[in-house]
Amino acid sequence: MVGQHLSSGENASDSSVIELEKVKMEMKMMEAALQGAARQSQAKADEIAKFMNENEQLKSAIEDLKEGDAAVAVVEEVKKNNHVVRKLEKRQHICTLDQHIEEQFGCGRLLACISSRPGQWLC
């Protein structure tokens, strides 16, 4: 009887050691899974931070382009070929409005003549 009691006690301690080893193994697996999840979440956070940084850079680039477009328009307006400038000045001197047309513009109304050949006018 005493031998059986010792045998059952050894079985109980062996089963608790086995149980303890199982629990330790499960804890290690859980810890590894948690570390993997932490690495994944950190990678996602880094990716989001990178996208936010790129977004800010693109916003500033857009603002620079908007300001640049206005500057380009001013430069294009100012920069004209000398030949074009002379041609425009010559046309301005040649083309003068008739006195009657100027009076009609001053009154706010203009009488027009419709011809069958548009674009054929004399200056």
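The sequence shown runs 0 to 122 under numbering that gives the first Met the number 0.
All residues carry an ideal CB built from backbone N, CA and C; glycine is no exception.
Item, Value
"Leaving out the 5 sequence neighbours to the left and right, which residues in its chain are closer than 7 Å to SER59 when beta-carbon positions are compared?", "none"
"Taking all protein chains shown into account, decide if MET0 is buried (16 or more other Cβ within 10 angstroms of its Cβ) or exposed.", "No answer about MET0 holds up, because its pLDDT of 46 lies below 50 and its placement is not dependable."
"From ASN52 to LEU33, what does the alpha carbon distance come to, in whole angstroms?", "28 Å"
"Between which two residues does the alpha helix (DSSP H) containing ASN80 stretch?", "First-last for ASN80: undefined, no H or E at that position."
"In whole angstroms, what separates the C-alpha of ALA48 from that of SER12?", "53 Å"
"Could you compute how far the alpha carbon of GLU18 sits from the alpha carbon of ALA37?", "28 Å"
"Return helix, strand or coil for GLY106, following the three-state DSSP convention.", "Residue identity check: residue 106 is Cys in the sequence provided, not Gly. Here CYS106 sits in helix by DSSP."
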